[in-house]
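Okay, so here's the structure we're looking at.
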Amino acid sequence: MELMLDIRGLETIAWVKRQGESTTHHQDKHVIIHKQLQISTDREIFFPGEYAYQFNYELQPTLPGSFQLSHRSAGRFRNIRSTVKYELKALQRVQGAFRADLEMKRELVVVPVPTAPVVRPLQRSTSQEVWVMTMFRKGTCQLSAYMDRDVFVPGEKVMVRCSIFNLSKVNIRALSLRLYEDLVLHHKRGKDTRTSTCLCEGEFSGVLAGDTADKIVSLHLMDWRSGRAIQPSTASRFIACDYRIEVRCSFMMSPSVSLEFPITVVHQNSK
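To convert, note that position 210 of the sequence shown is 210 in the UniProt record's numbering; the numbers rise steadily by one, no gaps.
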């Protein structure tokens, strides 16, 4: 008798498109991998008990990792849901009438082939004019920020060292860190759709007018709405997902002064 193994990888995407007063539902799927294996058991009869059979199958190194995303919007596209899911199904035929075959399914978590990510420190600076109500110039604000690396795992804490020179006559209301998810939807026809979502934010004390400050601030890589760690950065047929950290100095009645750091989020065992 033979034990049948079915290995399947499937990418799905679904969304609701609004056009005026009407809405239409869309979905698409792509079979990433579908492979059937036969394992010879060298048995004709299985008595009650437990049997173990080893098998080996090498996945392609270019497969996208397991991924799940939901509740995103991009312009007219609402409730975007996307998954990359892998599953293993084992099937054992049972002889005899009125006897059901033995079947078991198990979801597999596929991690991209570990590659040593190029980890690098990041440092950026900006100097911007402070305008109250976009009409009255009140001086300048200089912001510098430093991160010792740009590669993280989901849920990890990001540490940023900030140097602020508030050479204006306006108090900085708050210093904040924001984690943004940058999403790209690949369409079969037409241009890609891009959207950005702020997943979480940390707010810290500001800086008085004419004062300076050095601060070390931090933010966990979490999605506040779900309470879960964010997904790793990914790229597949339907979707691409990247992240960035924004450092922002906020003023009352004046545009913020900010700078950004792109970051890469990898699976736990890829770092």
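For glycine and all other residues, C-beta sits at the position ideal for the given N, C-alpha and C. Computed from a predicted model, the values in this text were never measured in an experiment.
Unbroken beta strand (DSSP E) run spanning residue i, endpoints
i	result
Ser82	77-92
Ile13	2-19
Pro262	254-265
Ile164	157-168
Val110	Careful: Val110 lies outside any beta strand (DSSP E) and carries neither H nor E.
residue 279	Nothing about residue 279 can be read from this structure; the chain reaches only from 1 to 271.
Leu37	22-40
Top-ranked residue by Cα proximity to residue i, from the options
i	options	result
Pro61	Leu219, Val158, Ile245, Val111	Val111
Ser250	Asp6, His25, Gln54, Ala174	Ala174
Leu59	Ile39, Ile7, Lys17	Ile7
Glu246	Asp101, Ser218, Ser254, Thr234	Ser218
Ala229	Ala213, Gln19, Pro255, Val153	Val153
Tyr57	Val266, His267, Leu167, His34	His34
Glu2	Ile45, Gln19, Lys29	Ile45
Leu122	Tyr146, Arg106, Gln142, Arg137	Tyr146
Val184	Arg81, Tyr51, His30	Arg81
residue 288	Lys191, Phe238, His26, Phe165	Shown here, the chain extends from 1 to 271; a query on residue 288 therefore has no answer.
Asn171	His186, Thr126, Phe238, Val257	Val257
Arg137	Asp148, Met159, Leu167, Lys191	Leu167
Gln38	His26, Tyr53, Gln27	Tyr53
Ser205	Arg248, His186, Ser226, Arg225	Arg248
Ala209	Asp28, Thr134, Cys141, Trp15	Cys141
His186	Thr24, Gly49, Asp28, Trp131	Asp28
Trp224	Glu201, Thr24, Leu259, Thr41	Glu201
Leu88	Gln36, Ser40, Thr41	Gln36
His267	Val113, Ser40, Thr134	Val113
Alpha carbon of residue i to alpha carbon of residue j, nearest angstrom
i	j	result
Met104	Ala90	5 Å
Cys162	Gly139	20 Å
Thr193	Val118	28 Å
His71	Arg124	33 Å
Asn79	Ile13	10 Å
Ala240	Met253	36 Å
Lys169	Lys215	21 Å
Pro64	Thr234	7 Å
Lys17	Arg76	5 Å
Gln128	Asp211	16 Å
Ser73	Arg93	46 Å
Lys188	Gln68	21 Å
Gln231	Val84	12 Å
Leu108	Gly20	41 Å
His30	Ser144	44 Å
Lys191	Val160	35 Å
Phe238	Val158	29 Å
Arg244	His25	30 Å
Residues that residue i bridges to, as DSSP identifies them
i	result
Ala52	The partner list for Ala52 (beta bridge, DSSP) is empty, contrary to what the question assumes.
Val247	Leu177, Leu259
Leu122	Met147
Trp131	Arg137
Arg68	It should be noted that the sequence gives Gln, not Arg, for residue 68. In DSSP, Gln68 forms a bridge with Thr83.
Lys105	Lys89
Gly212	The sequence as given places Thr at residue 212; Gly does not occur at that position. In the DSSP output, where bridge partners are listed per residue, Thr212 has Phe165.
Val184	Arg194, Ala240
Phe152	Val265
Ile172	Val207, Phe251
Gln60	Gln60 pairs with nothing; no bridge assigned.
Ser218	Met159
Arg228	Asp223
CB-CB length for residue i against residue j, believed under 8 Å
i	j	result
Pro262	Asp242	7 Å
Leu5	Ile32	Their Cβ separation, rounded to whole angstroms, is 17 Å, which puts Leu5 and Ile32 out of contact at 8 Å.
Asp150	Arg178	Not a contact, Cβ separation roughly 16 Å.
Glu203	Ser176	5 Å
Val265	Leu199	Not a contact, Cβ separation roughly 11 Å.
Tyr180	Thr197	7 Å
Tyr51	Ser66	Rounded, the Cβ-Cβ distance is 29 Å, inconsistent with contact.
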